[in-house]
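Protein chains in written order, with my numbering: chain A, 36 to 272; chain B, 36 to 272; chain C, 36 to 272; chain D, 36 to 272.
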DNA sequence: TATGAATGAGCCTTCATTCAT
DNA sequence: GATGAATGAAGGCTCATTCAT
């Protein structure tokens, strides 16, 4: 799984070959096919793996107050990505783009969508119950938030236009969340905690990273400075 | 260009081969490489072609009143796509997903983003001038609209979840446009005119479409009924 | 052995993998290689197994009168095969076709040829002794019979031309056996007993046979109706 | 085609790879796939090629008297094969053994059977008309001859038992042809002319033949001496 | 301008066989 | 005696690209 993650980041989905995965392993390419029926099945399993990781991370934040959770979520989704995140999102978008052709992927990604949406809805619902949010339809609002954040991120890294992130964040806070928050509640400028990273995907691979030369690196062209670093594997996509 | 469009719709971007394009042409595959340096260059040219088409179509609606233009834009973007649109968006997302790896594509898509954003900003600005919209920052709002619409559409067709379209439309109208429209102006339920299609891409190819059997069709799984048909080639993506 | 038989019938020789055999066993693929040095050795052993079975079956008919034995032999060889027989002959021809390249197979098949030819010669010799056959050279006649029957059967199932079976039977009776039988002896239209099947190869495998879908079935295209069923494993081939 | 023939002879059908064919060519493996849709299609075309060759050769002998043509046919079919013929028959039997699984091959081989049978029937019919053969059913007799000759040859080279050839020849002459020939006509010991070889398949490949070491040579184990040499490609099989 | 032919570099997958346990 | 895991060596096929004509 880790090898798949790395290969995906370094080569992108369309260059993701059985070999590129095996190369990041101490096993042979054949071994991959011993454990998985096909490259596609392996990738499907990888999506599943990401979902599990995300699920666990959501769980870990469940105790926090709704407003903070929402802020953490927004920050997590719309923070300026570091190189690794960028690479991953990039590759993962390629994968998502295959879903319309691939029933297995689509099914997994739906599962992922369910979990993500449920997580947001839960936050909203808890906030309503807690009185920090006004009455509203959490289902619709979560759909709006996911769509706009996702769209913003996609436009950000496909176009190399970081402003989408900030702008959509600001506009969402001003126009959407303003409606959703209770009258005297204010949306924090910055989250009080960071949405946890998937630590299964953070590793020492950095070792030979400098040596690599032939990978397919997404072009980084930020206008803004990156600060937070957050290894993902979020099933957002 | 038309052949490229068709091949893209019928095979998707990742299955788009020089041959699949040439097959939809009365020229040979070699002729493609005579006219273009590479397959990539051809595709880049195709994006350019789409942009030009979009530009012309925007021009044709420029005379309309701002609110109607906005409504037409929303409808165009968030209408339930027919099969052709679906296929095209699907393929085009694959292409967009390559942009981070491909400077040429990225440049073209940026151009496309410029035009699209400018078009929306223009509508917003005209609306402010005309007094149908309140004072606001058109640049930010257009970014929000594009991001959320794009995200909604992407989630709709990658996940086969049509509800994203309707929900995001409704929420956007209620929460975002409510803020933007002047106090007593109401956003129309339906646009008074349809954003024009790119008629260069509508053709008689339907002839042998029934015969085709091996293409790679995006899975259609709408819960809602399709009505409008709108051949695109929009540079939104 | 049974698993090998089944795998051979269901997959053919060239698709016969160690896995396909192990799958029809309650042991693992590795176990196969523990007991046999190679897949080839296993198959060689299987041929041996067939030979033993055939030998035993010949033995069981030894008490019968020569003419009846000959008739049973002819019927057995030239009867319209049922699906199982067909599948087996088909796979076994593939195996026989390897004999020229494979000393071990060839040796086993020679042994098989010896036994088959001896069996026929014995019948002929007994018939001469018993006065039902004229004096002739049993060695040559048995070679002719085996060759023509074998050729008929091979042409029948490789070409899907069942007529070879009937025609060669009729012509052999009229032209060859007419010479061999004593003046007033007539060759029976049908044998008075059936040459015994190899019952080690008849089993309950039929259970999940209906479920199987991916095997490689020889095309059945009989013009005539099958009646007799006769599980083989004859070393004729 | 010639490369296919050579590869078939030298490697056998089951080791016949696209590479093994291309290696005998001054073209690349890819070139093969440019001209043929698949390896199977290439082989199917090769069978067709053989058929055409055989057809042409039959044509060339049509002027000869029936008895001589029959004798030439018998000699051609049952003569002790030289190494090349042996190798070819061997490989071709492997191919024939695939026919039950392969509709395309089966169809081609049926065509081949038609031509071969028709050729023999024609000889018999002409002989009846010419009075050298008695009245008989040419269709049945040709089926018998083909089956027994084919069976004899198959047993000969799969088992390495050359006696099948001679014995079946002698017995056929004595028992079958004796019935078929007109009362005072005698079957010649040797044909007055040789059935023509397929000269498209005879070439200078002998050059590096000595150098080859890894091929898969059918085991030659004749007890009798080879005399005639006859490059085939006969569709008999 | 156009093309038929050709190709090198890969890719996914299969399989007999090995081996540590 | 038995097995799960692993692998090297192929093999069929694809495709962007080149090139002689």
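The beta-carbon is built from N, C-alpha and C at its ideal position, and this holds for glycine as well.
The model shown is predicted, which means the values in this text are computed figures rather than measured ones.
For residue 192/D and residue 149/C, the rounded distance between their alpha carbons
Residue 149/C and residue 192/D have their C-alpha atoms some 15 angstroms from each other.
Quick test of your reading: residue 39/C and residue 81/C, contact by CB under 8 angstroms. State the CB separation rounded to the nearest angstrom.
Rounded to whole angstroms, the Cβ separation of residue 39/C and residue 81/C is 5 angstroms, and the two are in contact under 8 angstroms.
Residue 54/A classed as buried or exposed, judged by whether at least 16 other C-beta atoms fall within 10 angstroms
A residue is called buried once 16 or more other Cβ atoms fall within 10 Å of its Cβ, and residue 54/A, having fewer, is exposed.
Please go through the same chain and pick out, in chain order, the residues whose beta-carbon is closer than 6 angstroms to the beta-carbon of residue 132/B, but skip the five residues on each side of it.
So no residue of the chain qualifies.
Could you list which residues in chain A have their beta carbon closer than 9 angstroms to that of residue 254/B, in chain order?
Simply 134, 135, 136, 137, 138, 141.
Alpha carbon to alpha carbon, how far is residue 195/B from residue 46/B? Give it in angstroms, no decimals.
Here the alpha carbons of residue 195/B and residue 46/B stand approximately 18 angstroms from one another.
If you scan the region 186–222 of chain B from start to end, which runs of the alpha helix (DSSP H) of 4 or more residues do you find wholly inside it?
If we require 4 residues or more, the alpha helix (DSSP H) runs fully inside the region 186–222 of chain B come out as 198–206.
Which residues, taken in chain order from the region 202–234 of chain D, show a beta carbon closer than 9 angstroms to some beta carbon of chain C?
Only 202, 203, 205, 206, 207, 209, 210, 211, 213, 214, 215 from the region 202–234 of chain D bring a Cβ to less than 9 angstroms from some Cβ of chain C.
Delimiting residues of the alpha helix (DSSP H) encompassing residue 70/A:
64–70 is the extent of the alpha helix (DSSP H) around residue 70/A.
Neighbourhood of residue 165/B by C-beta, 6 angstroms cutoff - its chain only, sequence neighbours within 5 removed
Around residue 165/B: 101.
Measuring CB to CB, does residue 184/D end up less than 7 angstroms from residue 215/D?
Residue 215/D is positioned such that its CB atom lies no closer than 7 angstroms to that of residue 184/D.
Per-residue contacts from residue 47/D into chain C (C-beta, under 7 angstroms):
Here the neighbours are 136.
Any Cβ of chain A within less than 7 angstroms of the Cβ of residue 192/B?
True, the Cβ-Cβ gap to chain A drops below 7 angstroms.
Just by C-beta distance, which residues in the region 58–74 of chain D are closer than 7 angstroms to chain C?
Per Cβ criterion, the list is empty.
Under 8 angstroms from the C-beta of residue 129/D: neighbouring residues of chain C
Result: 129, 132, 133.
With a 10 Å radius around its C-beta and 16 neighbouring C-beta atoms as the bar for buried, classify residue 52/B as buried or exposed.
The C-beta of residue 52/B has fewer than 16 other C-beta atoms within 10 Å across all chains shown, which makes the residue exposed.
Residue burial classification, residue 69/C (beta-carbon count within 10 angstroms, cutoff 16):
Residue 69/C is classed as exposed because its beta carbon has fewer than 16 other beta carbons within 10 Å across all chains shown.
Around the Cβ of residue 41/A, are there at least 16 other Cβ atoms within 10 angstroms (buried) or fewer (exposed)?
The residue is buried, with at least 16 neighbouring Cβ atoms inside 10 Å.
Please report the straight-line C-alpha distance between residue 50/B and residue 64/B, rounded to a whole angstrom.
When rounded, the distance between both Cα atoms is 15 angstroms.
Helix, strand or coil for residue 241/A, going by three-state DSSP, please let me know.
Confidence at residue 241/A is low in this model, with a pLDDT of 48, below 50, so its placement is unreliable and no value can be given for it.
Are the Cβ atoms of residue 173/A and residue 190/A separated by less than 7 angstroms?
Residue 173/A places its beta carbon 7 angstroms or farther from that of residue 190/A.
If the cut is a Cβ gap below 9 angstroms, which residues of chain A does residue 110/B touch?
Residues of chain A passing the Cβ test: none, with the nearest at roughly 17 angstroms.
With a threshold of 8 angstroms, are at least 3 pairs of Cβ atoms found where one atom belongs to the region 221–233 of chain A and the other to the region 102–116 of chain A?
Here the region 221–233 of chain A makes contact with the region 102–116 of chain A; the two share three or more CB pairs at distances below 8 angstroms.
Do residue 48/B and residue 126/B have their C-beta atoms within less than 7 angstroms of each other?
Yes.
Using a Cβ cut-off of 7 angstroms, which residues of the region 150–176 of chain A contact any Cβ in chain B, in chain order?
Those would be 175, 176, in chain order.
Do residue 71/D and residue 77/D have their beta-carbon atoms positioned less than 7 angstroms apart in this structure?
Between residue 77/D and residue 71/D, the CB-CB gap stays under 7 angstroms.
Residues near residue 171/D in its chain [Cβ-Cβ closer than 8 angstroms; skip 5 each side]:
So the list reads 159, 163, 214, 215, once near-sequence residues are dropped.
Nearest by alpha-carbon distance to residue 4/B: which of 137/A, 92/A, 116/A is it?
Residue 4/B falls outside the range modelled here, since chain B spans only 36 to 272, and no answer is possible.
My understanding is that residue 141/A touches residue 124/B, with C-beta atoms under 8 angstroms, so please give their C-beta distance in whole angstroms.
For a cut-off of 8 angstroms, the C-beta gap from residue 141/A to residue 124/B is around 15 angstroms, too long to register as a contact.
Which chain C residues are close to residue 183/D, counting only those with a beta carbon under 7 angstroms from its beta carbon?
The contact set of residue 183/D on chain C, defined by CB atoms closer than 7 angstroms, consists of 179, 182, 183, 186 in chain order.
Tell me, please, which residues DSSP counts as bridged to residue 168/B.
Bridge partners of residue 168/B according to DSSP: 216/B.
7 angstroms is my cut-off, CB to CB: does residue 199/D come that close to chain C?
Among the residues facing chain C, residue 199/D is included, as its CB has a counterpart in that chain under 7 angstroms away.
Where residue 259/D and residue 120/D are concerned, what is the direct C-alpha to C-alpha distance, given to the nearest angstrom?
In this predicted model, residue 259/D has a pLDDT of only 44, less than 50, meaning its place in the structure is not dependable enough to derive any value.
Cut-off 8 angstroms between Cβ atoms - residues of its own chain near residue 178/C, not counting five sequence neighbours on either side:
Around residue 178/C: 152.
Residue 225/B, DSSP secondary structure in three states:
If DSSP states are grouped into helix, strand and coil, residue 225/B belongs with coil.
In chain order, what residues of the same chain have a beta carbon less than 7 angstroms from the beta carbon of residue 208/D, not counting five sequence neighbours either side?
Excluding sequence positions up to five before and after residue 208/D, its CB lies within less than 7 angstroms of the CB of 222, all in the same chain and listed in chain order.
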